[in-house]
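Encoded as structure tokens, the structure appears first; notes follow it.
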Amino acid sequence: MASALPVLNQIKQELADCQQCKLHEKRTKIVFGEGNPEARIVFVGEGPGENEDKTGRPFVGRAGQLLDKMIEAMGYTRSDVYITNVVKCRPPDNRVPETDEVACCSKYMRQELTAIDPDIIIPLGLSASKAVLGLDSKTKMGDIRGKFKVKSFDRPTKGNVVMPTYHPAALLRNENLKAPTWEDLQKAMSYLKELDNVT
Ligand code: URA
11 MASALPVLNQ
21 IKQELADCQQ
31 CKLHEKRTKI
41 VFGEGNPEAR
51 IVFVGEGPGE
61 NEDKTGRPFV
71 GRAGQLLDKM
81 IEAMGYTRSD
91 VYITNVVKCR
101 PPDNRVPETD
111 EVACCSKYMR
121 QELTAIDPDI
131 IIPLGLSASK
141 AVLGLDSKTK
151 MGDIRGKFKV
161 KSFDRPTKGN
171 VVMPTYHPAA
181 LLRNENLKAP
191 TWEDLQKAMS
201 YLKELDNVT
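This is the structure in structure tokens:
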């Protein structure tokens with residue numbers, strides 16, 4: 011399969027100094043996805059927080075440190091996977107990205123997912139799950155987490171497997187979400203093992 015790298019570089023070029031939505035007004039740095047362009051797993055977060063906005067890298071704050079631990083518990087390192095966000099600029103005060111901002115920016119996330127074409131996509135939290143799966147505003151996290159879905163992006167013939175789970179920031183606020191999140195990640199790992207056995 012063709013490397014995703016040219017598409018990922020093209021996204022960076024296209025977004026350099028992006029002013030397509032109001033999030034550009036208060037951002038410090040645009041936070042692009044990072045990691046392995048041939049990753050089998052892509053994690054998708056909601057949008058950059060304060061540390062990400064300062065450094066220009068996704069998931070480097072407290073939630074990011076927990077995500078690193080989750081990745082390691084799955085038997086991978088951060089450089090094996092790819093990590094991105096639905097919106098690439100920090101929403102002020104870490105509010106949830108608004109509909110117009112998601113509408114503007116999520117095409118870049120879809121381009122990343124289409125180019126990398128991972129074996130599994132793991133959206134973290136409700137906002138990312140809705141953006142990845144194209145779900146409506148009434149969807150609740152408890153209804154979708156831990157359930158495999160298949161989503162076709164720009165490829166009409168083939169879909170990508172998606173396993174929504176809780177956002178690591180939610181786990182930092184509520185320890186009780188750790189066990190169900192680990193169950194979801196284990197389902198993702200079993201699916202990857204199954205693929206290894208059939209190929
Ligand atoms: N939360 C997110 O959703 N994304 C980040 O990059 C950091 C925190």
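Just so you know, our numbering puts the end of the sequence shown at 209, numbered straight through with nothing missing.
Note that CB positions come from ideal geometry on N, CA and C, so glycine has one too.
Could you round the C-beta distance between residue i and residue j to whole angstroms and report it? I think they count as a contact, below 8 Å.
i      : j       : result
Arg-37 : Asp-78  : Not confirmed; about 24 Å, so no contact.
Pro-47 : Ala-26  : Rounded, the Cβ-Cβ distance is 19 Å, inconsistent with contact.
Ala-83 : His-177 : In fact, because the Cβ distance is near 16 Å, the residues do not count as touching under 8 Å.
Under DSSP, the alpha helix (DSSP H) around residue i begins and ends at which residues?
i       : result
Tyr-201 : 188 to 208
Thr-65  : 60 to 65
Val-17  : 15 to 25
Lys-157 : Segment: none, Lys-157 is in no alpha helix (DSSP H) and carries neither H nor E.
Ile-40  : No alpha helix (DSSP H) contains Ile-40, which DSSP labels as neither H nor E.
Answer yes or no: do residue i and residue j have a C-beta to C-beta separation smaller than 8 Å?
i       : j       : result
Thr-124 : Phe-163 : yes
Leu-134 : Val-41  : no
Val-97  : Gly-57  : yes
Ile-130 : Leu-202 : yes
Ala-49  : Asp-110 : no
Gly-85  : Gly-71  : no
Ile-132 : Thr-175 : yes
Pro-128 : Ile-51  : yes
Give the straight-line distance between the Cα atoms of residue i and residue j, rounded to the nearest whole angstrom.
i       : j       : result
Met-151 : Met-173 : 12 Å
Arg-155 : Asp-194 : 7 Å
Leu-136 : Ser-147 : 10 Å
Ala-113 : Leu-33  : 12 Å
Gly-45  : Val-106 : 24 Å
Gln-23  : Glu-35  : 19 Å
Which residues bound the beta strand (DSSP E) around residue i?
i       : result
Pro-107 : Neither: Pro-107 is in no beta strand (DSSP E) and is coded neither H nor E.
Pro-133 : 130 to 133
Asn-55  : In the sequence as displayed, the identity of residue 55 is Gly instead of Asn. It spans 51 to 55 - the beta strand (DSSP E) in which Gly-55 sits, taken as one unbroken run.
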